[in-house]
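Residue numbers for the sequence shown follow the working numbering, so the first one is 758 and each next one is one higher. For every residue, glycine included, the Cβ atom is placed at its ideal position computed from N, Cα and C. Down below is the structure, laid out as structure tokens.
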Amino acid sequence: MMIHKCDICKKQIKHDKLTIGYGGMWTSHELCMRCSKPMFSFLKKHKLITEEEHQKIVNEKA
């Protein structure tokens, strides 16, 4: 059985998680939705993600 934990707060993630990685060779990090909020705000602030894309990701996790 695989247990997923948030790499920031170390809380066990049951359903909602965001996996962040760069390419195939680099390690990826799993974040709970609470810890990933600053990441989403950074991406929106620098116009790297639109509000529609953000809502699509959040709705997929729900």
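Item to complete: Measure the CB-CB distance between residue 815 and residue 790 and report whether it falls below 9 Å.
Response: To locate residue 815, count along the sequence shown from 1; it is residue 58. To locate residue 790, count along the sequence shown from 1; it is residue 33. In this structure, residue 815 sits near residue 790, with a CB-CB distance shorter than 9 Å.
Practice prompt. Out of 771, 765, 764, 767, state which residue places its alpha-carbon closest to the alpha-carbon of residue 758.
Written response: As a first step, residue 758 must be located in the sequence shown, where it is residue number 1. Checked all of 771, 765, 764, 767; the closest Cα to residue 758 is 771.
Discussion item. Here's the rule I'm using: 16 or more other beta-carbon atoms within 10 Å means buried, otherwise exposed. How should residue 766 be labelled?
Written reply: Residue 766 sits at position 9 when you count from the first residue of the sequence shown. Exposed.
Fill in: Helix, strand or coil at residue 760 according to DSSP, with G and I counted as helix
For the purposes of this step, residue 760 is taken as the residue at position 3 of the sequence shown. Reduced to three states, the DSSP call for residue 760 is coil.
Worksheet item: What is the C-beta distance between residue 797 and residue 811, in whole angstroms, given that I count them as a contact (C-beta under 8 Å)?
Response: Sequence index remark: in the sequence shown, residue 797 carries index 40 (1-based). Sequence index remark: in the sequence shown, residue 811 carries index 54 (1-based). Right, their Cβ atoms sit about 6 Å apart.
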